[in-house]
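Q:
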Amino acid sequence: MRWDVVIVGGGPAGLSCALTLASAQGRGWEWVDGRRFLVVDEGESDLKKALLNNAPGVPLGTKGAELLEQLRRQVKALSEAVEIKQGKVVKVEGSRGSFKVYEEDGTLHEAEVVVLATGFQKFELECPDCKVKENPKSPKPGRVMVEHDGDYRVKDGLFVAGLLAGVSSMFATAAGSGVQVAVNILSEWAGKPVVVHDVPEKT
Ligand SMILES: Cc1cc2nc3c(=O)[nH]c(=O)nc-3n(C[C@H](O)[C@H](O)[C@H](O)COP(=O)(O)OP(=O)(O)OC[C@H]3O[C@@H](n4cnc5c(N)ncnc54)[C@H](O)[C@@H]3O)c2cc1C
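Quick note, this note's numbering runs 1036 ahead of the 1-based positions in the sequence shown.
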């Protein structure tokens, strides 16, 4: 199946990216309306191990697993343009407009844009364009990141977000980088800098 964006990894970074992409629809922006987004996730987010007392805006003592489920519900409630599916991606190849994303079971997804958000524990998928290196922000050795241009681009149409992009391992930094990647993608489609803001109705 063909998608506008395939996001590999459904932790805070991948889900926040999907949320921001979908939130841009329904505003009369023809360059994003009708587009479809896929999140493929193996389901092993680091957030599942966390208990959160320092995530901005999140109630003290929230379990990471609950926060992750809340994020998934938020994405689904906001938009039908996002599909979240369980799966393990084993290969990403191609270029903008014609990326191919292969799952372990042979399922093939085609995409205009791909976002890699698979965390920093390992990077086992085949990606000819990805230069993997030691993650310098990790307090523990052996964690990985994929090199990018400083604004999350590995190459045209291929982005990296979250811990795999080399941000520090905190919920807010991972989620924030996913949002930044979404805004970068939206801005490319719009041909100008974009943000997605909602305001309360005047009473
Ligand atoms: C024990 C512990 C406690 C923590 N406590 C806190 C805290 O108190 N405060 C705080 O702010 N942060 C905390 N964190 C950090 C926070 O959980 C991480 O920074 C955050 O989860 C990183 O988000 P991410 O989306 O980059 O990666 P992840 O959350 O790791 O998500 C990556 C996702 O990609 C999936 N994936 C990987 N490979 C593939 C593949 N090939 N195909 C498909 N899917 C794939 C994984 O299964 C996973 O679901 C804690 C982390 C741990 C481990």
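The beta carbon of each residue, even a glycine, is placed where N, CA and C say it ideally should be.
How many angstroms separate the CA atom of V1203 from the CA atom of K1127?
A: For the purposes of this step, residue 1203 is taken as residue 167 along the sequence shown, with counting starting at 1. For the purposes of this step, residue 1127 is taken as residue 91 along the sequence shown, with counting starting at 1. Approximately 23 Å, taken between the alpha carbons.
Q: Any chance you could list the alpha helix (DSSP H) runs of at least 4 consecutive residues sitting entirely within the segment 1045-1110, in chain order?
A: Whole alpha helix (DSSP H) segments, 4+ residues: 1048-1059.
Q: Leaving out five residues on either side along the sequence, give the residues of the same chain with a beta carbon under 6 Å from the beta carbon of V1151.
A: Against the sequence shown, residue 1151 aligns to sequence position 115. For V1151, where only same-chain residues beyond five positions count, the Cβ hits under 6 Å are I1043, C1053, F1195, A1197, V1217.
Q: Reducing DSSP to helix, strand and coil, say where K1112 ends up.
A: For the purposes of this step, residue 1112 is taken as residue 76 along the sequence shown, with counting starting at 1. Reduced to three states, the DSSP call for K1112 is helix.
Q: Less than 7 Å between C-beta atoms, sequence neighbours within five positions excluded: which residues of the same chain meet that for R1071?
A: Taking the first residue of the sequence shown as position 1, residue 1071 is located at position 35. Once the five neighbours on either side are set aside, the close Cβ partners of R1071 are D1040, A1117.
Q: Pairing CB atoms from the segment 1072-1080 with CB atoms from the segment 1106-1120, are three or more of them under 8 Å?
A: Yes, they touch.
Q: Could you tell me the distance, in whole angstroms, from the CA atom of K1173 to the CA atom of R1109?
A: Taking the sequence shown and counting its residues from 1, one reaches residue 1173 at position 137. Taking the sequence shown and counting its residues from 1, one reaches residue 1109 at position 73. Near 30 Å, if we compare the C-alpha coordinates of R1109 and K1173.
Q: Only counting runs of 3 or more residues, tell me where the beta strand (DSSP E) segments fall wholly within the segment 1134-1221, in order along the chain.
A: Those beta strand (DSSP E) runs which fall completely within the segment 1134-1221 and span 3+ residues are 1135-1139, 1144-1152, 1168-1170, 1180-1182, 1189-1191, 1194-1196.
Q: If you measure between the beta carbons of G1212 and G1047, is that distance less than 8 Å?
A: Here the question's residue 1212 lines up with position 176 in the sequence shown. Here the question's residue 1047 lines up with position 11 in the sequence shown. Result no, Cβ atoms of G1212 and G1047 do not sit closer than 8 Å.
Q: I'd like to know whether the C-beta atoms of K1191 and M1181 end up nearer to each other than 8 Å.
A: To locate residue 1191, count along the sequence shown from 1; it is residue 155. To locate residue 1181, count along the sequence shown from 1; it is residue 145. Their beta carbons are not under 8 Å apart, which means K1191 does not touch M1181 by this criterion.
Q: Indicate, with yes or no, if ligand 1 has a heavy atom lying under 7 Å from the CB of D1141.
A: Translated into positions along the sequence shown, residue 1141 becomes position 105. For ligand 1, not one heavy atom lies less than 7 Å from the Cβ of D1141.
Q: Return helix, strand or coil for E1237, following the three-state DSSP convention.
A: Here residue 1237 refers to the residue found at position 201 of the sequence shown. Three-state result, E1237: coil.
Q: Any chance the CB of D1077 is under 7 Å from a heavy atom of ligand 1?
A: Within the sequence shown, residue 1077 is the residue found at index 41, counting from 1. The answer is yes for D1077.
Q: Could you tell me the distance, in whole angstroms, from the CA atom of G1186 to the CA atom of L1200?
A: On the sequence shown, position 150 is the one that residue 1186 refers to. On the sequence shown, position 164 is the one that residue 1200 refers to. Going by the C-alpha atoms only, they are around 13 Å apart.
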